[in-house]
Amino acid sequence: MGPVHRLHAAMFYTIESIGSEQDLHAAVFSTMHNERNILSSEQAVTRFFGKVGVPSSDLSKYLNSFGVKQRVNRAVELTKQLRVDSVPMIIVDGKYKVAARDTALQTVDYLVEMQKSES
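Residue 30 in numbering that gives the first Met the number 0 sits at position 31 of the sequence shown; the count goes up by one each step and never skips.
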């Protein structure tokens, strides 16, 4: 996982820590996909959060916190363990990887039901 991916993971966990997940995740999605701003530096992230009403002091408190760093490190470790090599990718029960394609959600539903019946 490269530095931009780690920054994006830290943004994700920061948003969870702040609490306005639905609104902030939607704003991140819109910024990255509609405006084509990939938020590739901490300065860009700080500007983005400022625009959506999160003061830089609050952002810094979360973005660089021990808890967020710990969660990012855990995500990096899981990415390596599960050999995630593309996105989006869904992992079912730590056993099955489903990559994005038209039938991906049908495949995931099938695998989830199969795992439930084995439990």
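Even for Gly, the Cβ is constructed at its ideal location relative to N, Cα and C.
Proximity winner among G66, V71 and R82, relative to K94 (alpha-carbon distances): R82
V51, buried or exposed, once every other Cβ within 10 Å from all chains shown has been counted against 16: exposed
State whether the stretch 31-40 contacts the stretch 0-9, with contact taken as three or more CB pairs (one from each stretch) at a distance under 8 Å. yes
Can you find a CB in chain D that lies within less than 8 Å of the CB of T30? In the structure shown, chain D cannot be found, because there is only a single protein chain.
Can at least three beta-carbon pairs, one atom from the stretch 16-27 and one from the stretch 60-75, be found at a separation below 8 Å? yes
Helix, strand or coil: how does DSSP classify A98 here? strand
What three-state label does DSSP hand V51 in the structure shown? coil
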